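A.B. asks: Please find one structure pasted underneath; my questions will follow.
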Amino acid sequence: MPHIRRAAVFVVPMLLLSFPLSAQPKPEGELETSDDATSASQDESSETPEPASTETRRSESPPNAHPSLTPAPISQANAASSSSLISQHDAPAPVVENHEQVFAEDWWHIARPILELHGYFRMRAELFQNFSLGRSDPYDKALWPRPPDHSYTSWFDGQIQQHAAHACGEDAANPQYCTDKTQAGANIRFRLNPELHVSDNLRIMSQIDLLDNLVLGSTPTGYANEPSSSGGFARVAPSGYTPLGVYNETMMPPVAGYNAYGNSITVKRVWGEYLTPIGQLRFGRMPSHWGLGMVQNAGDGYDSDTQSTVDRLMFTTGIKALDLYVSAAWDFPGEGAISQSAQQQGQAYDLAQLDDVNQYVLTLMRRKQPALQRLTLSRGGLVLNGGVQFTYRHQFLANDAFNTTNAANLGASADTIQDGYVRRNAKIIIPDLWLQILYKKLRFEAEAVMVRGSLDNTEVAGNNYENVREDENGHKIRQYGVATQTEFRTVEDRLSLQFGFGWASGDPDVTGPQVGGLTPGSGGLQPQRTDDRTDSTFRFHPDYRVDLILHRHILNRVQGTYYFRPSVDYDFSRKPNGQRFGGGGAVIWSRASEFVQAPGHRRDLGIEIDLQLYFQSKDGSLNDDPEKMGGFFTMLQYGVLFPLGGLGYLPGEEEQAANQNIRLETSAAHTLRWFGGIFF
Ligand SMILES: [Ca+2]
Ligand SMILES: [Ca+2]
Ligand SMILES: [Ca+2]
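Following my numbering, the numbering of the sequence shown begins with 147 at its first residue and continues without gaps.
What follows is the structure, given as structure tokens:
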């Protein structure tokens with residue numbers, strides 16, 4: 147017994163801060179439903195800067211969901227469930243006999259934070275076929291390099307190079323060249339969004355990914371690395387039990403720098419929210435999302451891979467009667483070198499102020515409350531939502547050096563950091579407009595952004611302030627982007643007809659380093675070929691997805707291109723319990739904004755056709771927003787991209803290569819995807 151008593155002493159204080167896990171069975175009325183919860187948590191990120199009051203959350207719940215998620219005064223059942231873990235002797239007496247008699251002070255004595263756990267587990271299997279589009283570019287110039295097990299002859303500007311995997315064919319003694327245009331695999335992610343509700347107006351939000359986009363099969367026992375004496379990594383010799391890859395026995399957890407670049411647990415965000423009588427305070431590392439997500443995109447969708455996460459202190463207030471909200475944020479996009487030490491604990495601090503990237507964000511928004519919005523629409527009225535997010539970013543000094551003795555490496559000395567400084571003097575303003583028009587079953591949404599700024603110097607070391615045109619010293623940023631979505635629902639909302647459009651400004655002075663010049667490759671800032679020195683290629687947030695092949699993978703995002711995207715989705719079967727089975731298709735016509743950035747110097751890049759089938763189990767919410775799901779969801783997608791002249795070769799190139807006995811051509815790419823996920 148003494149042994150147990152000792153343990154209990156430790157347990158008690160922890161249990162006072164403890165919480166009923168959602169996995170535990172709950173008494174009636176304890177309110178923990180996946181549907182409502184998922185939608186609530188995703189509302190947080192997707193609708194900056196609306197204060198997430200309890201009222202809002204309630205009103206946005208689907209009709210079948212339970213009303214509230216915030217801590218209720220402790221009930222007998224709840225107290226019993228936790229005290230059963232403590233010995234009777236240490237168990238707190240059930241203070242509350244009748245929870246309707248609770249007074250505020252009692253509440254604080256016995257209230258305990260409640261943990262809500264939301265998120266998803268997903269697996270995605272993907273097949274890429276011929277994503278190089280049959281182009282014969284060398285690996286370092288290609289938009290999509292050919293697989294290493296594919297043998298081919300590359301041609302670039304008259305240069306011929308052989309890339310051979312020479313071990314295939316029937317005869318092991320006389321191997322042939324391998325050819326394989328397919329890349330296939332699968333990945334998983336377990337995403338947790340724990341919310342710790344301390345009280346109605348106080349909570350701690352977070353996001354933790356486990357096995358974050360782990361490529362299945364990438365961390366077998368026999369595969370390990372250590373730091374290489376010549377930089378980078380060196381693979382460690384395998385043990386005698388797994389001498390060859392084919393003998394691998396089991397999987398190891400991913401460990402950064404050992405068998406992967408990332409770890410098995412990744413804490414993406416943690417932030418606090420405090421609702422005061424005059425508005426909401428948010429502070430910490432949090433999602434940022436605005437409008438359609440063209441620029442700031444929380445990336446909290448079920449099929450998302452990239453996010454906008456900001457280190458921020460933000461205050462949001464508004465006039466609820468007018469549906470007006472205003473928020474001001476102070477961001478920390480990059481502080482430069484800090485005083486951290488590998489040998490000591492304690493609090494590190496920012497070493498210098500002039501090298502900070504500073505950012506301030508002001509958001510003004512009108513947004514009708516969802517319940518009133520539904521009411522207005524059902525009466526045939528018009529709903530107008532919209533706003534502007536205004537961002538100002540600046541940096542004066544910068545140490546962006548790498549691979550030199552002046553770089554701000556971890557633990558670098560003040561001398562080193564100082565020697566690596568250049569005068570950046572960058573000032574960037576980003577006004578981002580968002581408009582949403584809802585009328586009956588029609589939705590029209592648009593986002594338009596301008597990125598306008600200047601820099602004294604774009605070099606990592608050295609100074610390129612002076613231009614040959616003396617009145618045009620320095621460098622400019624002039625980028626523009628537009629995205630629109632139009633959707634019409636009919637046939638009892640089962641049929642959705644959509645039209646998407648997007649435009650990202652290009653840069654007529656940029657060609658390369660990849661073929662064309664739409665993508666920046668890995669070589670830093672793309673060089674300007676003229677003395678114009680204006681960086682004008684606008685890039686959408688990579689999670690703003692419009693297709694399955696061209697922008698999603700080959701170009702990596704919408705950048706320097708524009709597209710037209712008619713699409714349709716139809717629910718073959720749709721039940722009141724949330725179960726849905728349906729399919730859809732989209733056609734995407736993509737063009738380059740500046741023809742010189744297309745590899746073939748023609749605007750037309752390609753036509754892509756994407757098809758899908760999807761199934762949502764009955765546990766799913768009735769919400770039509772596919773980002774707010776519960777239960778099991780699966781889909782099968784197929785896409786084909788037909789490259790047009792812009793993804794082909796320059797007029798003279800085919801002839802020039804033909805004279806060297808090389809045939810240049812392009813061909814279609816295909817993809818096949820399976821998605822399976824469990825949402826809670
Ligand atoms: Ca600093
Ligand atoms: Ca600072
Ligand atoms: Ca330019």
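Glycine is no exception: its CB is placed at the ideal position from the N, C-alpha and C atoms.
Please read all numbers here as calculations on a predicted model, not as lab measurements.
Can you check DSSP and say which residues form a bridge with Val333?
C.D. replies: The identity of residue 333 in the sequence shown is Asn, whereas the question assumes Val. Asn333 pairs with Arg270 and Val361.
A.B. asks: Would you list the residues whose beta-carbon is nearer than 6 Å to any heavy atom of ligand 2, in the order they occur in the chain?
C.D. replies: Those residues are Glu481, Asp496, Gln499 and Asp502, given in chain order.
A.B. asks: Determine the DSSP secondary structure at Ile695, reduced to helix, strand or coil.
C.D. replies: Looking at Ile695 - three-state DSSP - the assignment turns out to be coil, as it is neither helix nor strand.
A.B. asks: DSSP has Asn371 in a bridge; who is on the other side?
C.D. replies: Per DSSP, Arg381.
A.B. asks: Is the beta carbon of Trp563 sitting closer than 7 Å to the one on Ala572?
C.D. replies: Here residue 563 turns out to be Ile, not Trp, going by the sequence shown. Not a contact, by the Cβ cut-off of 7 Å.
A.B. asks: Around the Cβ of Leu793, are there at least 16 other Cβ atoms within 10 angstroms (buried) or fewer (exposed)?
C.D. replies: Classification for Leu793: buried.
A.B. asks: According to DSSP, is Asp326 part of a helix, a strand, or is it coil?
C.D. replies: Coil, per DSSP.
A.B. asks: Closest by CA to Gly822, which one among Gln783, Ala815, Gly798 and Met397?
C.D. replies: Among Gln783, Ala815, Gly798 and Met397, the Cα nearest to that of Gly822 is on Gln783.
A.B. asks: What is the DSSP secondary structure of Ser410, reduced to helix, strand or coil?
C.D. replies: In this structure, Ser410 counts as coil in the three-state DSSP scheme.
A.B. asks: So within the stretch 741-824, which uninterrupted alpha helix (DSSP H) runs reach at least 4 residues, ignoring any that extend past its ends?
C.D. replies: The qualifying runs are 797-805.
A.B. asks: Given the structure, does Asp678 come close to ligand 3, in the sense that its CB is under 6 Å from one of the ligand's heavy atoms?
C.D. replies: The answer is yes for Asp678.
A.B. asks: Which residues does DSSP pair with Val507 in a beta bridge?
C.D. replies: Its beta-bridge partners are Ala475 and Thr537.
A.B. asks: Would a C-beta distance cut-off of 7 Å place Gly566 and Asn549 closer than the cut-off?
C.D. replies: Cβ atoms of Gly566 and Asn549: not closer than 7 Å.
A.B. asks: Helix, strand or coil: which one does DSSP assign to Glu341?
C.D. replies: Three-state DSSP puts Glu341 in a strand.
A.B. asks: Between Val628 and the rest of its own chain, which residues show a CB-CB distance below 6 Å, the 5 nearest in sequence each way excluded?
C.D. replies: Same-chain partners within the cutoff: Ala594 and Trp649.
A.B. asks: Among Phe429, Leu421, Leu601 and Asn531, whose alpha-carbon lies nearest the alpha-carbon of Asp469?
C.D. replies: Nearest of Phe429, Leu421, Leu601 and Asn531 to Asp469, Cα basis: Asn531.
A.B. asks: May I ask which residues mark the beginning and end of the beta strand (DSSP E) holding Thr630?
C.D. replies: Its beta strand (DSSP E) spans residues His621 to Thr636.
A.B. asks: Are the beta-carbon atoms of Asn610 and Val568 separated by less than 7 Å?
C.D. replies: Going by C-beta atoms, Asn610 is not nearer than 7 Å to Val568.
A.B. asks: Where does Gly391 sit, in a helix, a strand or coil, going by DSSP?
C.D. replies: Helix at Gly391.
A.B. asks: To the nearest angstrom, report how far apart Leu556 and Gly403 are at their CA atoms.
C.D. replies: Roughly 16 Å between the two C-alpha positions.
A.B. asks: Count the other C-beta atoms from every protein chain shown that fall within 10 angstroms of the C-beta of Tyr690, then say buried if there are 16 or more, exposed otherwise.
C.D. replies: Label assigned to Tyr690: buried.
A.B. asks: Ligand 4 heavy atoms versus the CB of Gln674: any closer than 6 Å?
C.D. replies: Looking at this structure, you won't find ligand 4 anywhere; what it does contain is ligand 1, ligand 2 and ligand 3.
A.B. asks: According to DSSP, simplified to helix, strand and coil, what is Lys587?
C.D. replies: Note: Lys587 maps to coil in three-state DSSP.
A.B. asks: Output the residue ranges of the alpha helix (DSSP H) runs that lie fully inside the stretch 411-450 and measure 4 residues or longer, sorted by chain position.
C.D. replies: Those alpha helix (DSSP H) runs which fall completely within the stretch 411-450 and span 4+ residues do not exist here.
A.B. asks: Do you know how far the Cα of Gly791 is from the Cα of Asn443?
C.D. replies: Each residue's Cα considered, the two are about 32 Å apart.
A.B. asks: Quick check on Ser297: does DSSP put it in helix, strand or coil?
C.D. replies: It is coil, neither helix nor strand.
A.B. asks: Mind checking Ile734: buried by the 16 CB within 10 Å criterion, or exposed?
C.D. replies: When all chains shown are included, Ile734 counts as buried.
A.B. asks: Would DSSP call Asp565 helix, strand or coil?
C.D. replies: DSSP places Asp565 in helix when its eight states are reduced to three.
A.B. asks: Distance check for Leu427 and Leu584, CA to CA, integer angstroms please.
C.D. replies: C-alpha separation (whole angstroms): 30 Å.
A.B. asks: List the endpoints of the continuous beta strand (DSSP E) containing Gln644.
C.D. replies: From DSSP, the beta strand (DSSP E) with Gln644 extends over Leu641 to Ala650.
A.B. asks: Any contact of the stretch 267-277 with the stretch 805-824, i.e. 3+ C-beta pairs under 8 Å?
C.D. replies: Yes: the two stretches touch, three or more of their Cβ pairs being nearer than 8 Å.
A.B. asks: Below 8 Å CB to CB, which residues in the same chain sit around Thr396 once its five sequence neighbours on both sides are set aside?
C.D. replies: Closer than 8 Å at Cβ, skipping near neighbours: Pro366 and Thr367.
A.B. asks: Quick check: what's the CA-CA separation for Glu799 versus Thr665?
C.D. replies: The straight-line gap from Cα to Cα measures roughly 21 Å.
A.B. asks: Determine the direct distance from the alpha carbon of Asp677 to that of Phe826, and round the result to whole angstroms.
C.D. replies: If I take the Cα positions, the gap works out to 54 Å.
A.B. asks: Nearest to Glu481 by alpha carbon, out of Ile411, Arg337 and Ala494?
C.D. replies: The residue with the shortest Cα to Cα distance from Glu481 is Ala494.
A.B. asks: Near Asp655, which residues of its chain fall below 6 Å by C-beta distance, leaving aside the five closest residues on each side in sequence?
C.D. replies: Closer than 6 Å at the Cβ level, and outside the excluded window around Asp655, lie Gln674, Arg675, Thr676 and Asp678.
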